[in-house]
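Reading the sequence shown from the start, the letters are residues -11 to 454 in our numbering. Here a beta-carbon is modelled for each residue, glycine too, at the ideal position from N, C-alpha and C. Source: prediction; values computed, not measured. Each remark here refers to the structure printed beneath this line.
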Amino acid sequence: MDDLLADAAVRGRRYVRDVGDRAVAPLPAAVADLAKFDEPLPEHPGDPGETLALLDEVGSPATVANTGPRYFGFVTGGTEPAALAAGWLGLAWDQNSALPVMSPVAARLHAVTTRWLVDLLGLPDTSQVSYVTGATMANATALTAARDRQLRRAGWDAQADGLFGAPPVTVVAGEQAHSTLIKALGLIGLGRGRVHRVPADDQGRMLVGQLPDVRGPVIVCAQAGEVNTGAFDRFPAIVEWARERAAWLHVDSAFGLWALADPGLKHLTEGLTEFDSWATDAHKWLNVSYDSGLVIVRDPANLRRSFASTADYLPPDDVFEPMHHTPQSSQRARQIEVWAVLRTLGRSGVAELVANGCRHARRIAGLLVAGGLRVLNDVVLNQVVVVAEDDEATARLIRAVQADGTCWCGPTTWQGRHAMRISVAGWNTTDADIDRSAEAILRCAEFIGDANASHWPSVAGDDDPV
């Protein structure tokens, strides 16, 4: 066991050390080499050291370097060193954090991180944090609590009687609501197609003047950090509208919620702390490892009402029991890494992490505009939406950038245009990384603009970067 873990540590340290120097996307040869995993199930036990070596030697080159400093796709943060180290130790502990009796250390760290996060983000003192897999499940968890609370006020017990025959629940969301929010609504039986969609402006913000005049059980879903532009809905007006209708206020804020940690972004977050529930990810801007989502609810009794489970072998306790506040019972102790990052960075370190991401987004946007590309959004957070001359040129640019390997940016569609999205959320991204990435993008733009460049590399067909 000691030798195996030591070998794993050496291999892991080597990967972390070298990840910033390699192409961000794996080379086609490395992807093809994954065929070595396609072998028959062994008939007998084997050497675990040999298994680890195969995993490293074939698997490591075929990873996407999303923990490196120049991965700008899918709003993916890296892994902050304190999170990685604490995560390794946490894996050795292998704690089930479902109940305090199952892991006293996980229970205490859950309590501490709840207190720290509520303080850091300026949320109501009554708020409770629960850990889930990601923002999709955080949305589903919060919206289940919202559904049940709103129906309960209308005289219906959804947990006891289901939704057949229940009073209709009106869900209001912006036209640019993220797909995972809509997915969550379908998952909990409120329907993807029954959402009242409010038109959005050119940055994706809900047009609050067009909020509907609805009554009865109502849930309104706002957005903090539109996934393309980074825009924030205008929360004060939404809060006022919701309070007049006794609506549940929920915000989908997979990465945007962390703006509350940066005092320089108060102009975006006004009214955000007045909501009833918040969904976010720790594995995005806080830079802990996957998977780590957070659902935060102003009144934790609403979570317990929806998710409490009973069994003869589950002893009641008078302290917070995570399994009674989320859909899952058994759960990984994600709070270990969150605690490690918060304790290591402190209040000012988290604020700096967010501020740097925003500053780097503005920097790369300025460099790309100066180089002749066009930025479609107001760069208010960490998101940049870039286009070339036309949709075809933009598509070629994206493929060329991904093949080049200096950085990785993904495609999106914005306002009917095919675009390249740049999301800056890594703890280890520097000005030099931004400058190097901008230079590579502009080099690719110049290359594809050359009328004579009819054959240029693609990720699937060339081992050599552009």
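- Query: CA-CA distance, Asp82 and Val368?
  - Reply: A straight-line Cα-Cα distance of about 40 Å links Asp82 and Val368.
- Residue range of the alpha helix (DSSP H) that includes Asp240: DSSP places Asp240 outside any alpha helix (DSSP H); the residue lies instead in the beta strand (DSSP E), whose first and last residues are 236 to 240.
- Helix, strand or coil: how does DSSP classify Cys209 here? Residue state, collapsed to three classes: strand.
- Gly398, DSSP secondary structure in three states: Gly398 sits in a strand when the DSSP states are folded into three classes.
- Query: For Asp332, which residues of its own chain have a beta-carbon under 7 Å away from its beta-carbon, when the five flanking residues on both sides are left out?
  - Reply: The sequence given here places Thr at residue 332; Asp does not occur at that position. Once the five neighbours on either side are set aside, the close Cβ partners of Thr332 are Ala70.
- Item | N-terminal and C-terminal residue of the beta strand (DSSP E) that Gln422 is part of | According to the sequence as given, residue 422 is Ile; it is not Gln. From DSSP, Ile422 is part of no beta strand (DSSP E) but of the alpha helix (DSSP H) over 419 to 437.
- For Glu377, which option in Arg347, Gly354, Leu430 has the closest C-alpha, if you only look at C-alpha atoms? The option with the nearest alpha carbon to Glu377 is Leu430.
- Message: Check for me: the alpha helix (DSSP H) holding His98 runs from which residue to which?
- Response: Where His98 is concerned, the enclosing alpha helix (DSSP H) stretches over 92 to 109.
- Look at the alpha carbon of Thr394 and the alpha carbon of Arg140, and state the distance between them as a whole number of angstroms. In this structure, the CA atom of Thr394 is about 54 Å from the CA atom of Arg140.
- Cα-Cα, which of Leu22, Val63, Arg5, His313 is closest to Lys272? Lys272 has its Cα closest to that of Val63, out of Leu22, Val63, Arg5, His313.
- With a cut-off of 8 Å, do at least 3 Cβ pairs link the segment 342 to 360 to the segment 303 to 320? Touching, no.
- Query: Can you list, in chain order, the residues of its chain whose CB lies under 6 Å from that of Asp450, leaving out five sequence neighbours each side?
  - Reply: Since pLDDT at Asp450 reaches only 38, below the 50 mark, its modelled position is unreliable, and the value read off the structure follows with that caveat. Nothing listed; no residue qualifies.
- Query: Which word fits Glu27, buried or exposed, when buried means at least 16 other C-beta atoms lie within 10 angstroms of its C-beta?
  - Reply: Burial call: exposed.
- Query: By DSSP, does Arg5 sit in helix, in strand, or in coil?
  - Reply: Residue state, collapsed to three classes: helix.
- What residues in its chain sit with their C-beta under 6 Å from that of Pro112, if we drop five residues either side in the sequence? The answer, listed in chain order, is Arg286.
- Between Ser318, Arg293, Gln198, which lies nearest to Ala146 when the distance is taken from Cα to Cα? Considering only Ser318, Arg293, Gln198, the residue with the shortest C-alpha distance to Ala146 is Arg293.
- Item | Supposed close pair Ala210, Asp221 - CB separation, criterion 8 Å | Yes, they are in contact, since the Cβ atoms of Ala210 and Asp221 sit about 4 Å apart, within 8 Å.
- Message: Whole angstroms are fine: how far does the CA of Gly437 sit from the CA of Trp76?
- Response: Trp76 and Gly437 have their alpha carbons spaced roughly 47 Å apart.
- Message: For the pair the segment 380 to 389 and the segment 410 to 421, tell me if three or more CB-CB distances fall below 8 Å.
- Response: The answer is no - the segment 410 to 421 does not touch the segment 380 to 389, with fewer than three Cβ pairs under 8 Å.
- Contact belief for Phe60 with Ile386 at Cβ below 8 Å, rounded distance in angstroms: Between Ile386 and Phe60 the Cβ distance is about 12 Å, and since that is not below 8 Å, they are no contact.
- Query: Are the CB atoms of Ala128 and Ala165 nearer to each other than 9 Å?
  - Reply: Not closer than 9 Å, so no.
- If you draw a straight line from the C-alpha of Asp6 to the C-alpha of Asn344, how long is it? Each residue's alpha carbon lies about 23 Å from the other.
- Item | Pairwise C-alpha distance: Glu214 and Gly192 | When rounded, the separation of the alpha-carbon atoms in Gly192 and Glu214 is 6 Å.
- Query: Looking at the unbroken beta strand (DSSP E) that takes in His406, where does it start and where does it end?
  - Reply: Run containing His406: 405 to 411, per the beta strand (DSSP E) assignment.
- Can you tell me whether Ser118 is buried or exposed, with buried defined as 16 or more other CB within 10 angstroms of its CB? By the neighbour-count rule (16 or more Cβ atoms within 10 Å), Ser118 is buried.
- Query: Leaving out the 5 sequence neighbours to the left and right, which residues in its chain are closer than 6 Å to Val160 when beta-carbon positions are compared?
  - Reply: Same-chain partners within the cutoff: His184, Val208.
- Cβ separation of Thr55 and Gly66, assumed to be a contact under 8 Å, to the nearest whole Å: The Cβ separation is near 4 Å, so the contact holds.
- Taking the alpha-carbon positions, what's the Pro251 to Ala73 distance? If you take the alpha carbons of Pro251 and Ala73, they lie about 29 Å apart.
- Query: On the three-pair Cβ rule with 8 Å, is the segment 78 to 98 touching the segment 389 to 403?
  - Reply: The segment 78 to 98 vs the segment 389 to 403: no contact.
- Does the Cβ-Cβ distance between Asp279 and Thr121 come in under 9 Å? It is a contact, given that the beta carbons lie within the stated cut-off.
- If you scan the segment 107 to 136 from start to end, which runs of the beta strand (DSSP E) of 3 or more residues do you find wholly inside it? Within the segment 107 to 136, the complete beta strand (DSSP E) runs of at least 3 residues are 116 to 120.
- Query: Going by Cα to Cα distance, which pick from Asn275, Thr114, Val227, Ser115 is closest to Glu325?
  - Reply: That would be Asn275, whose Cα lies nearest to the Cα of Glu325.
- Query: Does Val412 come within less than 9 Å of chain B when only Cβ atoms are used?
  - Reply: Going by chain labels, chain B is absent from the structure shown, which holds only one protein chain.
- Message: Assuming Asp269 is part of the beta strand (DSSP E), what are its boundary residues?
- Response: Here the beta strand (DSSP E) through Asp269 covers 265 to 269.
- Query: In the structure shown, what three-state DSSP assignment does Phe220 receive?
  - Reply: Note: Phe220 maps to strand in three-state DSSP.
- Message: Can you tell me which residues form a DSSP beta bridge with Asn84?
- Response: According to DSSP, which records beta bridges pairwise, Asn84 is partnered with Arg320.
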